[in-house]
Every structure is written in C-alpha cells, then in structure tokens.
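Data block below; observations after.
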Amino acid sequence: MTFESKAVPRHIAIVMDGNGRWAKKRFLPRFFGHKQGVDALVKVVQACIDRDIEYLTVFAFSSENWKRPSDEVSGLMGLVLAAVSRYLARMGAMGVRIRIVGDREAVSDKLRNAWNEAEASTRHNSKLTLNVAFNYGGRWDILQATKAAIKAGVPAEEMTEAKLSEFMAMSYAPDPDLFIRTGGEVRISNFMLWQVAYTEFVFSDCLWPEFGEAQLDSAIAAFRARDRRFGGVKEVPAAVGA
Ligand code: IPE
Ligand code: IPE
Ligand code: MG
39 MTFESKAVPR HIAIVMDGNG RWAKKRFLPR FFGHKQGVDA LVKVVQACID
89 RDIEYLTVFA FSSENWKRPS DEVSGLMGLV LAAVSRYLAR MGAMGVRIRI
139 VGDREAVSDK LRNAWNEAEA STRHNSKLTL NVAFNYGGRW DILQATKAAI
189 KAGVPAEEMT EAKLSEFMAM SYAPDPDLFI RTGGEVRISN FMLWQVAYTE
239 FVFSDCLWPE FGEAQLDSAI AAFRARDRRF GGVKEVPAAV GA
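If you read the sequence shown in the working numbering, its first letter stands for residue 39, the second for the next number, and so on.
Below is the structure:
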C-alpha cells in the first residue's frame, strides 16, 4: 500500500443519485426524495469536516436535468432556494465555504442572487470548501474553459493541460481523489470529466437520502485500499547486476 492511498482524500466528488427511487419506494412524489437528499447532504458535509476533508464537490443538477418534467425542475429550484435560507447560516457557522459551479445564465435571478449571497457570506471560511455543481456538465466546463482561454488571448503554442486547467470552473481545487456515485448506476453522467483522469471511483447501491457516515467511511476505506500509480510503477526496480 502506498503513502497516497493511506491518506484521507483531500477532495471528494459525489454524484448524489437515487432521490427519485427513494421516494418511489415509499409511494411519495419524487420531490420528497430531493428534500430528504438535502438533509443527507448537510450530514455528509459535517462528516467530511470531522474527517478533515478539504473539498467536497456534489452534483446537484446536471446540464441535462432540464430534460425532466417542468414541475420536477421547478420543484428542485424552489428546494435550492429553501435550502439556502434554511442552512446557509449553519453552513457558515460550520466553517464551510460555499462555491457554486455551473452555468448561471439559465437560472432565475432569484436563484442567482441566492448563490451570490451564499458565496459572499461564506468566502472567508476555510474548514471545508463545498462546491455545489448546479446546471453543471463536464463538457460545459471544458468548453467554457476553452472559450475563456481564447478570449484571454492564450496562443495555441502556450496552451498546455496546466494552462487550460486554470480556466476550469474549479481551478482553485485539486482534482478529486475519490469519486462516489450513489443510486446503483455505474456511469459519470457528464460530471467532472476533465478532473477525474486519476480519481478513484466508488459506486454504491445506497440511495442518496440514505447515505451517511457509515457509507462515507466505507468509501474512504475502499479508497485507502487502492494503489494509486498515476501511470507509473511503485516498485523500485532492482539495480542491474546487484
Ligand atoms: C438525483 O436523484 C438528484 C438529481 C438529479 C437532481 P434522481 O432524481 O436522479 O433520482 P433517481 O435516479 O430518479 O432515483
Ligand atoms: C446525475 O444523475 C446528476 C445528478 C445527480 C445531479 P442523473 O439521474 O441525472 O443521471 P442519469 O440520467 O441516470 O445518467
Ligand atoms: Mg438519477
């Protein structure tokens, strides 16, 4: 086992999936699953703080989630507004810095203002950075970074992976060490495509509203058991002739 794999992940990314199925199992409208999902998130944020995780990025609404029925989409928007007014002060007191990543153009002024307030009021916090990916897509991120780099006048010969990374939505954060997807699906669904090049993946059948400390610990334990090689080899080769 290597040093890197024994350490606590600095950055965890989570696809919080399975809210709809959680509600369906209880004969409830999907909205109740999303509502319960917000409570699960608040608990997981605290659990991450307790475990010294520095960055938590959660997929809350994808670029493709607009395809859902309009009442579900508007229900989700309303839920986010309610969550900001209910939990913002608590998150602030917990030392959480909130950052929203995604295309803000398409959301309402009201939601945009709530995001701005959440970011501004927590910007001096440093215990944990919570990135909420909302109207976010991995392809959108790569495209917006490319456009921004072109606008900034970066010449082709100076364009490198590191340079383009500077324009990505989460350029301030290290790439995720651990990616968790709940809800049983084994796919990325256009989450952080650029940043997960060497991330360790853990897929769980647990539905997001039921995800808590025990499931987080089991994902971290799986991560710690991995041997991260980043394309290299860990064994020190025996010297020739030794
Ligand atoms: C994830 O739960 C939350 C969002 C996409 C907003 P889902 O709503 O996708 O739940 P399932 O996958 O239908 O159970
Ligand atoms: C991914 O879940 C997006 C979020 C959790 C916000 P989806 O439920 O939208 O993904 P698919 O449709 O199953 O791929
Ligand atoms: Mg889903």
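For each residue, glycine too, the CB sits at the ideal point set by N, CA and C.
Pairwise C-alpha distance: residue j and residue i
i: Asp215; j: Gln84; result: 19 Å
i: Gly176; j: Phe239; result: 16 Å
i: Ala51; j: Thr160; result: 20 Å
i: Gly270; j: Leu254; result: 28 Å
i: Asp213; j: Asp55; result: 21 Å
i: Glu42; j: Ala183; result: Confidence is the limiting factor: at Glu42 the pLDDT is only 49, short of 50, which leaves the residue's position unreliable, though a coordinate-based value still follows. Cα-Cα distance, rounded: 29 Å.
i: His162; j: Ile87; result: 16 Å
i: Asn282; j: Arg262; result: Outside the displayed span of the chain (39 to 280) sits residue 282, for which this structure offers no information.
i: Ala260; j: Glu196; result: 39 Å
i: Gly222; j: Ala257; result: 14 Å
i: Phe241; j: Phe229; result: 14 Å
i: Asp141; j: Pro193; result: 25 Å
i: Val76; j: Ser112; result: 16 Å
i: Ala45; j: Leu168; result: 20 Å
i: Phe70; j: Ile91; result: 29 Å
i: Leu166; j: Ala121; result: 18 Å
i: Leu149; j: Met206; result: 22 Å
i: Cys244; j: Ala186; result: 38 Å
i: Gly116; j: Lys73; result: 10 Å
i: Ala171; j: Lys63; result: 27 Å
i: Ser22; j: Ala158; result: In this structure the chain extends from 39 to 280, so residue 22 is not present and cannot be described.
DSSP state of residue i mapped onto helix, strand, coil
i: Phe97; result: strand
i: Leu114; result: helix
i: Phe70; result: helix
i: Ile136; result: strand
i: Glu238; result: strand
i: Arg128; result: helix
i: Lys172; result: The sequence given here has Phe at residue 172, not Lys. Phe172 falls in the strand class under three-state DSSP.
i: Val82; result: helix
i: Leu149; result: helix
i: Ala144; result: coil
i: Phe268; result: coil
i: Phe161; result: The sequence given here has Arg at residue 161, not Phe. Arg161 falls in the coil class under three-state DSSP.
i: Arg89; result: coil
i: Val76; result: helix
i: Ala51; result: strand
Buried/exposed call for residue i, threshold 16 Cβ in 10 Å
i: Pro247; result: buried
i: Phe268; result: exposed
i: Phe9; result: Any answer about residue 9 is impossible in this case: the structure gives the chain only from 39 up to 280.
i: Ala152; result: buried
i: Asp265; result: exposed
i: Arg68; result: buried
i: Val139; result: buried
i: Gly250; result: exposed
i: Arg219; result: buried
i: Trp60; result: buried
i: Arg351; result: What the structure shows of the chain is the stretch from 39 to 280, and residue 351 is not part of that stretch, so it cannot be assessed.
i: Ile188; result: exposed
i: Ala57; result: Contrary to the premise, residue 57 reads as Asn rather than Ala in this sequence. Looking at its Cβ environment, which holds 16 or more other Cβ atoms inside 10 Å, Asn57 is buried.
i: Tyr210; result: exposed
Any chain D beta carbon closer than 8 Å to residue i
i: Met230; result: Absent here is chain D; the protein component of the structure consists of one chain.
### Query
What residues does ligand 3 have around it, judged by CB closer than 7 Å to any heavy atom, in chain order?
Residues flagged by the Cβ proximity filter: Asp55, Gly56, Gly58, Gly221 and Glu223.
### Query
Does the region 223 to 235 touch the region 179 to 187, meaning 3 or more C-beta pairs lie closer than 8 Å?
A contact is defined here as three or more CB-CB pairs under 8 Å, and the region 179 to 187 meets this definition with respect to the region 223 to 235.
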